[in-house]
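**Q** For the sequence shown, my numbering gives the first residue as 5, with consecutive numbering after it.
Handing you a structure now.
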Amino acid sequence: MKVTSVKLMPILAFSTLGIQCKEDLTKSETISTDSWQIETSNGQKIPAGWEPFNFDSFDEQDPFLLRRNSSSKWDKEHSWKVMTAGFKIPVGWEPFGYDGNDESDPILLRQSSSTQWDLKQKWEIKTAGLKIPVGWEPFTYDCKDQSDSFVLRRSTSGEWDNKQMWEVRTSNGLGIPEGWEPFGYDWEDQSDPFLLRRCTTGNWDLKQKWEVKTSNGQKIPAGWEPFAYDSKDQSDPFLLRRLIN
């Protein structure tokens with residue numbers, strides 16, 4: 005797959021308790037100096053300082069995709085645990101991905117050993133078509149589910165904004181409308197693979213812009229963040245993004 009650099013918008017990485025636009029704005033000021041590294045793991049042992057961010061359901065040996073940032077703000081001592089769960093998420097675990105090939109245990113969970121990680125947080129997950137209930141966040145996509153493909157989550161902790169509202173749509177990556185953020189990739193959709201979202205609450209910056217491109221993972225340019233993975237692309241599977249304003 006060849007993706008030309010294009011202009012996009014809004015932001016996110018996987019945060020502990022949902023989208024925090026204030027943190028994203030801070031990130032936009034420093035993103036050009038950040039450099040990322042990626043590797044894979046079988047999930048049994050994730051090296052200290054690496055964060056699981058996606059899952060390659062086609063790789064049976066090392067399916068977990070890991071990343072770390074060379075930024076001085078990145079906690080190189082934090083360590084993670086990963087596991088799977090159906091629709092019951094243990095206290096302190098965060099859903100961060102979905103394995104569309106695992107029909108019995110599709111939800112991928114993670115937990116940090118960092119002292120800043122809230123081990124008392126609780127999450128709920130559900131699916132939705134193109135109408136997302138108030139307070140729920142789309143966080144991944146099940147390309148095998150034709151009727152209810154968007155997977156949603158919300159935290160039951162007090163810090164979660166239960167009044168936030170979201171919209172989702174798709175794009176071919178060549179003309180992403182202003183105010184929309186890429187958050188996932190449907191490798192089974194040849195015409196519109198990029199999954200976009202935007203928050204309809206007042207905290208969302210509708211003027212933010214993004215660029216996207218692909219990488220083989222061997223060298224991620226400074227300032228670019230891996231945010232999704234195309235399992236069908238053997239040459240350039242990693243999807244990268246960066247904020248340009």
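Virtual Cβ for every residue (Gly too), placed ideally from N, Cα, C.
1. If you follow the beta strand (DSSP E) that F62 is part of, which residue opens it and which one closes it?
2. So the candidates are G104, L123, D165, P99; which of them puts its Cα closest to the Cα of D152?
3. Decide if the segment 119-126 is in contact with the segment 137-152; the criterion is three or more beta carbon pairs, one per stretch, under 8 angstroms apart.
4. What residue range is occupied by the uninterrupted beta strand (DSSP E) comprising V216?
5. If you follow the beta strand (DSSP E) that P142 is part of, which residue opens it and which one closes it?
6. From the DSSP secondary-structure annotation, give me the bridge partner or partners of L112.
7. When the Cβ atoms of the segment 77-92 are set against those of the segment 222-236, are three or more pairs found closer than 8 angstroms?
8. Throw me the rounded Cβ distance for the T1 and D196 pair, which I believe falls under 8 angstroms.
9. In chain order, what residues of the same chain have a beta carbon less than 8 angstroms from the beta carbon of L244, not counting five sequence neighbours either side?
10. Over the uninterrupted beta strand (DSSP E) stretch that includes T44, give me the two end residues.
11. Can you give the Cα-Cα distance for L69 and D149, rounded to whole angstroms?
12. Got a sec, what are the start and stop residues for the beta strand (DSSP E) T204 sits in?
13. Closer than 6 angstroms by C-beta to P241: which residues in its own chain qualify, once you throw out the five before and the five after it? Chain order, please.
14. Between which two residues does the beta strand (DSSP E) carrying V155 extend?
15. Does the segment 198-209 come into contact with the segment 178-186, if we say contact requires no fewer than three beta-carbon pairs (one atom in each stretch) closer than 8 angstroms?
16. Do the segment 151-165 and the segment 125-136 make contact, defined as three or more Cβ pairs closer than 8 angstroms?
17. What is the DSSP secondary structure of T174, reduced to helix, strand or coil?
18. Would you report the Cα separation of E55 and L200, rounded to the nearest angstrom?
19. Going by beta carbon distance, what residues of the same chain come within less than 8 angstroms of D63, once the five residues before and after it are set aside?
20. Classify D38 as buried or exposed, calling it buried when 16 or more other Cβ atoms lie within 10 Å of its own Cβ.
21. Alpha carbon to alpha carbon, how far is P181 from F100? Give it in angstroms, no decimals.
22. So is N58 buried or exposed if we call it buried at 16+ other beta carbons inside 10 Å?
23. Quick check on the burial criterion: 16 or more other C-beta atoms within 10 angstroms. Buried or exposed for S76?
24. What residue range does the beta strand (DSSP E) around T131 cover?
25. Tell me which same chain residues have a C-beta within less than 8 angstroms of the C-beta of K80, skipping the five on either side of it?
**A** Taking the definition as stated:
1. Within the sequence shown, the letter at position 58 stands for residue 62. Where F62 is concerned, there is no enclosing beta strand (DSSP E), given that its DSSP letter is neither H nor E.
2. Within the sequence shown, residue 152 is the residue found at index 148, counting from 1. Measuring C-alpha to C-alpha distances from D152 to each of G104, L123, D165, P99 identifies G104 as the nearest.
3. Output reads no: the segment 137-152 does not touch the segment 119-126.
4. Taking the sequence shown and counting its residues from 1, the one referred to as residue 216 is at position 212. 214-219 is the span of the beta strand (DSSP E), which, as asked, contains V216.
5. In the sequence shown, residue 142 corresponds to position 138, counting from 1. Here the beta strand (DSSP E) through P142 covers 141-145.
6. Counting from one through the sequence shown, the residue named residue 112 turns up at place 108. The partner list for L112 (beta bridge, DSSP) reads T88, G101.
7. The answer is no - the segment 222-236 does not touch the segment 77-92, with fewer than three Cβ pairs under 8 angstroms.
8. This structure gives no information on residue 1, because the portion of the chain shown stretches from 5 to 249.
9. As a first step, residue 244 must be located in the sequence shown, where it is residue number 240. So the list reads V216, K217, T218, S219, I224, P225, W228, E229, P230, F231, once near-sequence residues are dropped.
10. Against the sequence shown, residue 44 aligns to sequence position 40. Start and end: 40-45.
11. In the sequence shown, residue 69 corresponds to position 65, counting from 1. In the sequence shown, residue 149 corresponds to position 145, counting from 1. Straight-line Cα distance between these residues: approximately 23 angstroms.
12. Residue mapping note: residue 204 aligns to position 200 of the sequence shown, counting from 1. No beta strand (DSSP E) holds T204; DSSP gives it neither H nor E.
13. Against the sequence shown, residue 241 aligns to sequence position 237. Around P241: Y233, D234.
14. Numbered from its first residue, the sequence shown carries residue 155 at position 151. V155 -> beta strand (DSSP E) spans 154-159.
15. Yes: the two stretches touch, three or more of their Cβ pairs being nearer than 8 angstroms.
16. Result yes; three or more Cβ-Cβ pairs closer than 8 angstroms.
17. Your numbering for residue 174 matches position 170 in the sequence shown. Three-state DSSP puts T174 in a strand.
18. The sequence position of residue 55 within the sequence shown is 51, counting from 1. The sequence position of residue 200 within the sequence shown is 196, counting from 1. For E55 and L200, the distance between alpha carbons rounds to 23 angstroms.
19. In the sequence shown, counting from the first residue as 1, residue 63 sits at position 59. Same-chain partners within the cutoff: T44, S235.
20. Mapped onto the sequence shown, residue 38 falls at position 34. Counting Cβ neighbours within 10 Å, D38 comes out buried, since at least 16 surround it.
21. The residue labelled residue 100 in the question sits at position 96 within the sequence shown. The residue labelled residue 181 in the question sits at position 177 within the sequence shown. Going by the C-alpha atoms only, they are around 25 angstroms apart.
22. As a first step, residue 58 is located in the sequence shown; it is residue number 54 there, counting from the start. Classification for N58: buried.
23. The sequence position of residue 76 within the sequence shown is 72, counting from 1. Classification for S76: exposed.
24. In the sequence shown, the residue the question calls residue 131 occupies position 127. In the DSSP assignment, T131 falls within the beta strand (DSSP E) that extends over 127-132.
25. Position 76 of the sequence shown, counting from 1, holds the residue named residue 80. In the same chain as K80, and ignoring 5 residues on each side of it, the C-beta atoms closer than 8 angstroms to its own belong to A52, G53, R72, in chain order.
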